[in-house]
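**Q**
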């Protein structure tokens, strides 16, 4: 596959700044990277897109010296370079901004920036020098951060800027960003992309790793697609479409738009009044949250991660005690005490697909068949007699469920951890949806799920809605909220900032609300 | 994709660990100037060469089955119950109280009563640490080990001040009445034509221990309670999600665990000593940890590991009797077995996994 700039001549500007040749890496039986070649031109934003597990992060970890490739060569600015650890990477001018920031929380921005590259025995001269450089960087690239603020007092967007500053301070000419927008509001993400544009115009090269097609289309010049450990294509972003990219990622045609009929809301299913929650650390997580959901509609709850949506879902699912009033089908439901647990919620007709399927929704070491009754294991249908469970019946039901939900491989005797993210999610969904609940709580239904399965999962949630169930959907993916929901509520700082019908709002308005602005003021 | 076949996990790894432990033990024996081949021969003939030896081996194994199962059940809820020693001590107290309370006419009546009493006492002793763990978060390892000491002191007090017969200088209870004396394996096996040693202490409690293995297996893998215990053990947040109440499960798992440890007393107090003496448990509670560890917390594994440790106990005693190898040497061998099968598990596991994966790749 020829890069877009190949053969333009021999001038230095046209030589790739990064060139990977035949990189392979296996973890045990899993071939994470297979014979990967990549050419990244200087002064461009180069996107790398692929599903979870396609090998993007492994490739970047090899480039940054965390893993050693089994085979292959790395050339930086035409020089063959051995990268054994991150020091080598930094020396070669590569900076990395991780998905999970690596900052010392109780240090200031300045201290974090110079950490590891202090000069001399005394800190003061280094700090003074860094302060000057930071000021310059801030002006050049819109990278304003208060150098004396403590990291723990900063928001996620700011922390990310500190990570970028760290890389620039180490004179990185190549910046790798791994899923940088996962924790950002749309406005913060836009700002980030402006910063990246500025960096590009100064001649820096940026590698942007993401699974979001929209970002690839908006920000990159060139995009490489990875699938199952292989680099399947490199194309100019201007020459491709989201649909074409999705097809290259998955290997088949994918429906990106949901075929959704208008909702026919019926009776009120759930009413929550003034739900308040203060956690063990004394932090108010939910502040007088009130909402209603009706049969046959999907209420989406948007918000930047950590603004109370998760806690709300846990309260509704019976995982946390709270104060306030909760009514389900007109009946009061306890929010505290013994009657407030997950068993009571299930008995009241509430099913729950939790946000973290590996920590909560599944027991990873249990067989798939054991997981298909998790939470419903008190159902007499699974008892062979008063004492023993009917494992044969459970196994048979599991096999049937796995067939209906297209779980691959359809083997109920495998441990839950042996399935991919998407298939794990299907096991959870099959369990919860097939109880035909009056209310389905869904948290991050497609987090870590491959594109192919996303389509399937969305369709099942819609089917349940059309069958007359109420659905509450919590997701940090705004696109998902917009495409699935009938109504959208936005949470910020434990409060509901407002509610909009899904067809009368857009990302911009929701983005402002997610940042804590009442839309009247916008 | 499993890293290696199950048989390798449950059989090959313990076997290799064991061989390594014995090899190292042989070196130690050589180092103190004795002949390791002779030592092995003595241990095997002493523990397995006669029905007398078997009688002792099985007697010790019975103790270890109970304490091993106790650790295993708790561990399925990720509770590390190292209070088996204290719970078995209290079980002994329960057995003694019930045996001395009534003029039992026949062991067939006394046995169920003693099983229940020992289980109740053992469970009660586990209940307090369990409650502290479940509601206050006091770490079960700390509290159960403290309760071992309290149990020892309590037994001391009871024997010296309450249960000692008038005029006796021995801190022990009176001999239990005739009607509580359990049949030994000699008496159990005689009707089916097997002539088992009369002198060995193995008794009918062995059958109860075997039944306990089956019941624990059913409990853990076939009942709803077992399902909930395993779920909580694997992931506490998931258990909360499913509406499993952690306090309830922690309590129940520890009660079952304590009851199993307590039931050991039926074997050593009622079956062997036929009276309650100081330090009756003799460390079997701690051996139970090694047994559960080696048996991978599976009742069948516990059974096999208990037999192994029974063999080591009896063989070690024989070794001390016939050679100048000190009895402490056997503690060293046991320690090496525990070290290799438990603590150094990964030392064997990692290379073996690599080997199996290499084979797998070669085939694939």
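Protein chains in written order, with our numbering: chain B, -7 to 514; chain D, 53 to 416.
Each residue gets a CB set at the ideal place from its N, CA and C atoms; glycine is no exception.
The structure presented is a predicted model; accordingly, all values stated were derived computationally and were not measured.
Listed in chain order, which residues of the region 285 to 316 of chain B have Cβ atoms closer than 9 Å to some Cβ of chain D?
**A** If the cut-off is 9 Å between Cβ atoms, the region 285 to 316 of chain B has 306, 309, 310, 311 and 312 near chain D.
**Q** Helix, strand or coil: which one does DSSP assign to residue 514/B?
**A** Any reading at residue 514/B needs caution, since the residue's pLDDT is 37, under 50, leaving its predicted position unreliable; the model's value is listed next. Coil.
**Q** Counting only the same chain and skipping the five closest in sequence on each side, list residues whose C-beta sits under 7 Å from that of residue 140/D.
**A** If we look at residue 140/D and ignore the five residues flanking it on each side, its Cβ neighbours are 119, 174, 313, 314, 316, 317, 333, 336 and 337.
**Q** Which residues, taken in chain order from the region 172 to 189 of chain D, show a beta carbon closer than 7 Å to some beta carbon of chain B?
**A** The region 172 to 189 of chain D vs chain B, Cβ under 7 Å: nothing.
**Q** Give a yes or no on whether the minimum CB-CB distance between residue 277/B and chain D is below 9 Å.
**A** No, no contact with chain D.
**Q** Taking 7 Å as the limit between beta carbons, can you name the residues of its chain near residue 550/B, skipping five residues before and five after?
**A** Residue 550/B cannot be examined here, being either before or after the span of chain B that is shown, -7 to 514.
**Q** Could you tell me whether any Cβ in chain B is nearer than 9 Å to the Cβ of residue 286/D?
**A** At least one chain B Cβ lies under 9 Å of residue 286/D.
**Q** Between the region 339 to 371 of chain B and chain D, which residues of the former have a C-beta closer than 8 Å to a C-beta of the latter?
**A** Correct list: 344, 346, 348, 351, 352, 353, 354, 355, 356, 357, 358, 362, 366, 367, 369 and 370.
**Q** Would you verify that the beta carbon of residue 308/D is, or is not, closer than 9 Å to some beta carbon of chain B?
**A** No, residue 308/D lies away from the interface with chain B (no Cβ there is under 9 Å from its Cβ).
**Q** Go to residue 176/D, then tell me how far its alpha helix (DSSP H) extends in each direction, as first and last residue.
**A** Unbroken alpha helix (DSSP H) run through residue 176/D: 159 to 183.
**Q** By the three-class DSSP mapping on this structure, what secondary structure does residue 61/D have?
**A** Three-state DSSP puts residue 61/D in a helix.
**Q** How many Å lie between residue 169/D and residue 176/D at the Cα?
**A** So the alpha carbons of these two residues sit roughly 10 Å apart.
**Q** Would you please verify whether the beta carbon of residue 290/D is less than 9 Å from any beta carbon of chain B?
**A** Output row for residue 290/D: interface = yes.
**Q** According to DSSP, is residue 71/D part of a helix, a strand, or is it coil?
**A** Looking at residue 71/D - three-state DSSP - the assignment turns out to be helix.
**Q** Determine the closest residue to residue 174/B out of 225/B, 365/B and 471/B, with distance taken between C-alpha atoms.
**A** Nearest option by C-alpha distance: 471/B.
**Q** Check whether the region 115 to 129 of chain B touches the region 200 to 209 of chain B, counting contact only when three or more Cβ pairs, one atom from each stretch, lie closer than 8 Å.
**A** Short answer: they don't touch.
**Q** What number of angstroms, rounded off, separates the C-alpha of residue 424/B from the C-alpha of residue 305/D?
**A** Rounded to the nearest angstrom, the two C-alpha atoms are 28 Å apart.
**Q** Got a sec, what are the start and stop residues for the beta strand (DSSP E) residue 366/B sits in?
**A** Neither: residue 366/B is in no beta strand (DSSP E) and is coded neither H nor E.
**Q** So, at 7 Å on beta carbons, what are the nonlocal neighbours of residue 294/D in its own chain, with the 5 sequence-adjacent residues on each side left out?
**A** The residues are 283.
**Q** Determine the extent of the beta strand (DSSP E) in which residue 256/B is found, giving its start and end residues.
**A** No beta strand (DSSP E) holds residue 256/B; DSSP gives it neither H nor E.
**Q** Would you identify the three-state DSSP class for residue 232/B, choosing helix, strand or coil?
**A** Reduced to three states, the DSSP call for residue 232/B is coil.
**Q** Compare the C-alpha of residue 129/B against each of 375/B, 465/B, 191/B and 317/B and name the closest.
**A** Of the candidates 375/B, 465/B, 191/B and 317/B, the one whose C-alpha sits nearest the C-alpha of residue 129/B is 191/B.
**Q** Does DSSP classify residue 396/D as helix, strand or coil?
**A** Three-state DSSP puts residue 396/D in coil, outside helix and strand.
**Q** Roughly how far, in whole angstroms, is the beta-carbon of residue 291/B from the beta-carbon of residue 481/B, given that I think they are within contact range, below 8 Å?
**A** About 6 Å; that satisfies the 8 Å criterion.
**Q** If you draw a straight line from the C-alpha of residue 329/B to the C-alpha of residue 404/D, how long is it?
**A** Looking at the two C-alpha atoms, the distance is approximately 49 Å.
**Q** Does DSSP put residue 376/D in a helix, in a strand, or in coil?
**A** If DSSP states are grouped into helix, strand and coil, residue 376/D belongs with coil.
**Q** Measuring only from the beta carbon, is residue 23/B closer than 8 Å to any heavy atom that is part of the ligand FMN?
**A** For the ligand FMN, the structure offers nothing, since it holds no ligand at all.
**Q** Any idea what DSSP makes of residue 196/B, helix, strand or coil?
**A** DSSP places residue 196/B in coil when its eight states are reduced to three.
**Q** So, does the CB of residue 365/D fall closer than 9 Å to a CB anywhere in chain B?
**A** For residue 365/D, the answer is no, since every Cβ of chain B falls outside 9 Å of its Cβ.
**Q** So, helix, strand or coil for residue 92/B, using DSSP?
**A** Residue 92/B falls in the coil class under three-state DSSP.
**Q** Under DSSP, the alpha helix (DSSP H) around residue 448/B begins and ends at which residues?
**A** Run containing residue 448/B: 443 to 458, per the alpha helix (DSSP H) assignment.
**Q** Which residue comes first and which comes last in the beta strand (DSSP E) that contains residue 490/B?
**A** Note, residue 490/B: beta strand (DSSP E), 487 to 493.
**Q** Can you tell me whether residue 592/B is buried or exposed, with buried defined as 16 or more other CB within 10 angstroms of its CB?
**A** Because chain B is modelled from -7 through 514, residue 592/B falls outside the range shown and cannot be assessed.
**Q** Determine, for residue 152/B, whether the minimum Cβ-Cβ distance to residues of chain A falls below 9 Å.
**A** No chain A appears in the structure shown, which is made up of the protein chains B and D.
**Q** Just the C-alpha distance for residue 277/B and residue 73/B, rounded to the nearest angstrom, thanks.
**A** Whole-angstrom Cα-Cα distance: 49 Å.
**Q** For the alpha helix (DSSP H) containing residue 64/B, name the first residue and the last one.
**A** Premise fails: residue 64/B lies in the beta strand (DSSP E), 63 to 68, not in any alpha helix (DSSP H).
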